[in-house]
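Below is one structure; the comments refer to it alone.
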Amino acid sequence: MSELRTKDEHTEAIRRDRRVAVVVNTRSRRGRRHYFEVIEQIHNLGFEPLAELSVYNPKRLRDLLDTALATDPDLLVVGGGDGTLSSAVRHVAHRDVALGVLPLGTTNNFARSLGLPLDLAGAIKVFETGKVADIDLGMADDRPFANLASFGVSVEVAGKVKPWLKRVVGRPAYPMTALTILPGHRPFRAYITVEGERHELLTHQLNIANGRFHGGWQVAKDISIDNGMLVAYQLGSGKKLRLLGETLLRATTGRWRSLAGGPFVVGREMLLETDPPMAADVDGEVRLRTPIRLRVVPNGVRVMVPDSFEDR
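So this is what it looks like as structure tokens:
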């Protein structure tokens, strides 16, 4: 782990020296269309990027992030969806470099949790007018994540949602795909152990969140990406009709429930067991299976955020 400057010193260095590197996933929903616009707007703010890299082959993303970081920037600007940004978070965790986020995906959960403008001009302006903050890093076993680990219907949805549908309709592509999967989906039993207390539930869908947003909609008003806590919550129950109703409601209204009034389990560390054992979707990548131990590393990642962001 490199020695870190104070956040004020880091912010001042970005504004003064303007040492940035830019990586844009041009396979993301808006990445290819806006790549040159991104570069032009960054130059217009007086930044002279040390590297300007486009990612067409997703398999090269990690190598290109390493290439960008090798230029020793104060700010690594990354454009793409939540999967791209999750990879970037893993690269900058515990390092003396801040992540600048360009929301170019479908749901942009990570950008929403940071309170960033979702329009390109607004997001880029933050690099000039914003500040460096540190946020929580989630860990699923030894795998870092930025936003969400999920289990159940969403894992199947992630594998079956059509890229063309995401391009055409955006966020509703996910609940629309879920509605086609639900009729044949079987519920599972989950056991969540937090601080010695074991919680049991029967459900079709379980999420464990570090950030505040899922599917582009707010999970709960009082969840934060900077409070040192993970939040586990189910959608619906073991009854398909209840999950169907919640899926439709979330798709049409984005309704949220306060932590004080909903079925949430909160903790710094959780052990999740399921019957049967299940695959986990960790920020869009399906690589782990239950049982899984999840925890928070407070202030594990530095990011560039609007000045109004509450940095705890």
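Residue numbering for the sequence shown follows our numbering, beginning at 1 and increasing consecutively.
The C-beta atom is built at its ideal place from N, Cα and C for all residues, glycine as well.
Skipping 5 residues on each side, what residues in its chain have a beta carbon closer than 8 angstroms to that of residue i?
i	result
Lys7	Lys131, Val132, Ala133, Asp134, Arg302, Asp311
Phe36	none
Arg5	Ala13, Asp96
Glu3	Asp96
Please work out which residues of its chain come closer than 6 angstroms, Cβ to Cβ, to residue i, disregarding the five sequence neighbours upstream and downstream, and give them in chain order.
i	result
Asn25	Gly31, Val55, Gly80, Thr84
Phe309	Gly115, Ala133
Phe264	Val231, Tyr233
Ala51	Ala21, Ala68, Thr71
Ala111	Val101, Pro103
Ile192	His199, Ala232, Val265, Met270, Leu272
Taking the CB atoms as reference points, tell me whether residue i and residue j lie closer together than 7 angstroms.
i	j	result
Ala190	Ile208	no
Glu269	Arg289	no
Leu120	His34	yes
Leu76	Val101	no
Leu206	Gly152	yes
Asp281	Ser150	yes
Leu64	Leu53	yes
Asp72	Ala13	no
Compute the Euclidean distance between the alpha carbons of residue i and residue j, then round it to the nearest angstrom.
i	j	result
Leu45	Phe145	31 angstroms
Val22	Ser87	14 angstroms
Leu259	Thr129	Only weak support is given to the placement of Leu259: the predicted model assigns it a pLDDT of 46, under 50, and the value that follows is read from those uncertain coordinates. If you take the alpha carbons of Leu259 and Thr129, they lie about 32 angstroms apart.
Ile42	Arg19	12 angstroms
Arg15	Ala123	16 angstroms
Met139	Arg90	10 angstroms
Glu200	Glu48	54 angstroms
Ala251	Asn109	Because Ala251 sits at a pLDDT of 49, beneath the cut-off of 50, its placement in the model cannot be relied upon, and the point is left open.
Asp66	Leu235	37 angstroms
Arg95	Leu202	40 angstroms
Leu61	Asp82	13 angstroms
Thr274	Glu197	16 angstroms
Phe213	Asn147	8 angstroms
Pro58	Phe127	25 angstroms
Arg186	Asn227	34 angstroms
Val38	Ile223	31 angstroms
Asn210	Glu40	33 angstroms
Asp307	Lys125	11 angstroms
Looking only at its own chain, which residues have a Cβ that is under 7 angstroms from the Cβ of residue i, when we skip the five neighbours before and after it?
i	result
Ala93	Leu137, Pro144, Gly300, Val301
Pro276	Phe188
Ile292	Ala140, Asp141, Leu272, Ala280
Asp17	Asp74
Quick one, which of the options has its alpha-carbon nearest residue i's?
i	options	result
Pro298	Arg112, Glu273, Asp307, Ile225	Ile225
Thr107	Arg293, Gly284, Ala70	Gly284
Ala279	Glu48, Val305, Ser154	Ser154
Val305	Leu118, Glu195, Arg287, Ile223	Leu118
Val194	Gly211, Val219, Met229, Arg186	Met229
Leu99	Asn210, Arg287, His10	His10
Starting from the N-terminal side, write out each stretch of the beta strand (DSSP E) that is 3 residues or longer and does not extend beyond the stretch 65-109.
75-80, 98-103
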